[in-house]
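For the record, in the sequence shown the residue sitting at position 223 is 223 according to the UniProt record's numbering, with numbers rising by one throughout.
The beta-carbon is built from N, C-alpha and C at its ideal position, and this holds for glycine as well.
Shown next, in structure tokens, is the structure this report addresses.
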Amino acid sequence: MTPDIALILTVDGLANGAIYLLAGLGLVLIFSVTRVVFVPFGDIAAFTALTLAAFQMQRVPGTIGLVAVLAAVASLMELGAAVRRRSADGLAQRLFGYGLLPLIPCGLAWLIAARDVPEIVRIPVALGLALPMGPLLDRIAFRPIADASVLVLLIVAIALHFAIAGLGLLFFGPEGFRTTALVDGIFELPGGLVITGQLILMMASAVLLAVLFFLFFERSLIGKALRATAVNRTGARLVGIRPERTGVTAYLIASALAGISGILIGPSTTIYYDSGFLIGLKAFVGAIIGGLVSYPVTALGALFVGVMESFASFFSSAMKEVVVFSLLIPVLLWRSLALAHGGDEEHEELDG
1 MTPDIALILT VDGLANGAIY LLAGLGLVLI FSVTRVVFVP FGDIAAFTAL TLAAFQMQRV
61 PGTIGLVAVL AAVASLMELG AAVRRRSADG LAQRLFGYGL LPLIPCGLAW LIAARDVPEI
121 VRIPVALGLA LPMGPLLDRI AFRPIADASV LVLLIVAIAL HFAIAGLGLL FFGPEGFRTT
181 ALVDGIFELP GGLVITGQLI LMMASAVLLA VLFFLFFERS LIGKALRATA VNRTGARLVG
241 IRPERTGVTA YLIASALAGI SGILIGPSTT IYYDSGFLIG LKAFVGAIIG GLVSYPVTAL
301 GALFVGVMES FASFFSSAMK EVVVFSLLIP VLLWRSLALA HGGDEEHEEL DG
């Protein structure tokens, strides 16, 4: 391998790592606030890319039907919960949030689907369709078992992924699609390295969003509330922070990160209805490197995963997945030794 090839592989790996970085941040955010390893994160990214592809082909995206179904199920669950409580307090607000509000981007998507509108309109609408997916999945699958152990939540998350993938096949079909590049142009850097504008956009977006992520948690009240809930849910509740509300906020932010990841990765690879699983799993490797708690280490781990994947694909494209996922073994061994078997915290009383 020549130095030029190594440099090209590194740049390509950093671009892929930028996507895993955004996904890893979303996974850590949700886990730290809700203790859920949100396996369907990658599915939201893939569905967003497929949504934009449908817009570019002037077709009605299957995301409209998917979001509508999730909104209907969540609304029925809220009605059932009100009947069991024999109280309608707050029901109208919940039905608006879970039933009516998600249909607004669905209506916008229906209006622009068959029209030749600019990308600056299509992208926000595609992201708007991605935003309610996280909170709706939380309400349907995780809210009823919020006090369960991390293992049970993980099993439910895996089962939810397969259910969502099945719905993805129903609404999107088996065909794969690739979106057009958001940025045209090819740039030659010093040393003869050629890089596309799309790769620059992917890396710049990851850096910008990571900085905004840091500022959000350090400067905003909502970010501080999320941090407080992540540190101590019971203590946060005692000072007036509602874990349920912070959980919804975490899922909204993670859905936004997933949507942006899908928009960025769409032009680089063909996306299928089930492509999200590998995206989420590789981001999970980076999140595990960060211990599912450290955002900076997760970011570095995600970039490392991207670079390792790029070099592994150069030597053997058939073995690249094996190489990437094999990273979990030494990482888990290292974290196990570092924790020194400090005990199981899964049975802590989280909600008082």
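Rounded to whole angstroms, what's the CA-CA distance from residue 155 to residue 184? Just pull it up for me.
-> For residue 155 and residue 184, the gap between their C-alpha atoms comes out near 42 Å.
Using a beta-carbon distance below 7 Å, is residue 160 in contact with chain C?
-> Among the chains in the structure shown there is no chain C, since it carries only a single protein chain.
Excluding the 5 residues preceding and the 5 following residue 241 in the sequence, name in chain order all residues of the same chain whose CB lies nearer than 8 Å to its CB.
-> The beta carbon of residue 241 is closer than 8 Å to those of 225, 228, 229 in its chain, skipping five residues each way along the sequence.
Cα separation between residue 313 and residue 4?
-> One C-alpha to the other measures close to 16 Å.
Does the beta-carbon of residue 262 have 16 or more other beta-carbons within 10 angstroms, so that it is buried, or is it exposed?
-> Buried, by the Cβ-count rule.
Look at the Cβ atom of residue 53, then the Cβ atom of residue 142, and state whether they are nearer than 7 Å.
-> No, the pair does not count as a contact, with Cβ atoms beyond the cut-off.
Could you tell me which residues DSSP pairs with residue 177 in its beta bridges?
-> Beta-bridge pairing links residue 177 to 271.
What residue from 289, 48, 294 has the CA that sits closest to residue 327's CA?
-> Closest by alpha carbon: 289.
Alpha carbon of residue 144 to alpha carbon of residue 73, nearest angstrom | Spanning the two alpha carbons is a distance of roughly 13 Å.
If you follow the alpha helix (DSSP H) that residue 2 is part of, which residue opens it and which one closes it?
-> In the DSSP assignment, residue 2 falls outside any alpha helix (DSSP H) and carries neither an H nor an E.
Which ranges does the alpha helix (DSSP H) cover as unbroken runs of at least 4 residues, wholly within the stretch 183-226, from first to last along the chain?
-> Those alpha helix (DSSP H) runs which fall completely within the stretch 183-226 and span 4+ residues are 197-219.
Under 7 Å between the Cβ atoms of residue 301 and residue 42?
-> Annotated as distal: residue 301 and residue 42, with beta-carbon spacing of 7 Å or more.
Tell me where the alpha helix (DSSP H) around residue 77 begins and ends.
-> DSSP places residue 77 inside the alpha helix (DSSP H), whose first and last residues are 63-85.
On the three-state DSSP scale, how would you describe residue 33?
-> DSSP, read as helix, strand or coil, puts residue 33 in helix.
The alpha helix (DSSP H) spanning residue 251 covers which residue range?
-> Start and end: 243-265.
Report the rounded CA-to-CA distance for residue 237 versus residue 245, giving the unit in angstroms.
-> Straight-line Cα distance between these residues: approximately 11 Å.
Local conformation of residue 333 per DSSP, three classes | In the structure shown, the three-state DSSP call for residue 333 is helix.
Endpoints, the alpha helix (DSSP H) within which residue 235 is located = Taken as a continuous stretch (DSSP letters only), the alpha helix (DSSP H) holding residue 235 covers 233-238.
Close-in-space but distant-in-sequence residues of the same chain around residue 55 (CB under 6 Å, 5 per side omitted) | Same-chain partners within the cutoff: 122.
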